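In this note's numbering, the protein residues as written are 396 to 536.
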Amino acid sequence: MKTYIPKNDEQNWVVVDAAGVPLGRLATLIASRIRGKHRPDFTPNIIQGDYVVVLNAAQVVLTGNKLDGKVYTRYTGYQGGLKKETAREALKKHPERVIEHAVFGMLPKGRQGRAMHGHLKVYAGGTHPHASQKPQTVEVK
């Protein structure tokens, strides 16, 4: 009995413009594209999603009180080393990390999810160095 193994050679490049788009809607679209759930031959145990390039990360929108109410924390490893940062401060300092944090939380945990992290390229401005891959533009609804 032969089993069907989907081809893994059709990984496209996609460009998404984050200007004026809510963070959650953007992150769900990106995570499903990276995971490959938009494909008819989606298989959960095979990485066959697209490479996603996000532009204008600094212009992403957080609705409600999330700019001041959403807090990102990290721990340095030392006593008293808990660092806190609001979403407003994070968007000002490093807007790429805000989108990466939202998307990586939606990807699978473990070996496969860590392998998918390289499929996301986020840029604060409107230009990217991936023109030679001929990426297609995807609209966020």
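Quick reminder that beta carbons are idealized off the backbone N, C-alpha and C, glycines included.
Model, not experiment: these values are computed from the prediction.
Gly472 and Pro435 have their C-alpha atoms spaced approximately 44 Å apart. By the Cβ criterion, the region 405-420 is in contact with the region 443-460, since at least three pairs of Cβ atoms, one from each stretch, lie closer than 8 Å.
Look at the region 436-467 and you find these whole runs of alpha helix (DSSP H), each 4 residues long or longer: 461-464. Look at the beta carbons and you see the region 426-441 not touching the region 474-493: under three pairs across the two are nearer than 8 Å. Put simply, of Asp445, Ala422, Arg420 and Val410 the residue whose alpha carbon is nearest the alpha carbon of Gly513 is Asp445. In the three-state reduction of the DSSP assignment, Val416 falls in the coil class, being assigned neither a helical nor a strand state. In the DSSP assignment, Gln507 falls within the unbroken alpha helix (DSSP H) covering Arg506 to Met511.
The DSSP-derived three-state label of Thr522 is coil. Within the same chain, Val409 come within 6 Å of Gln531 by CB-CB distance, once the 5 residues on both sides are set aside.
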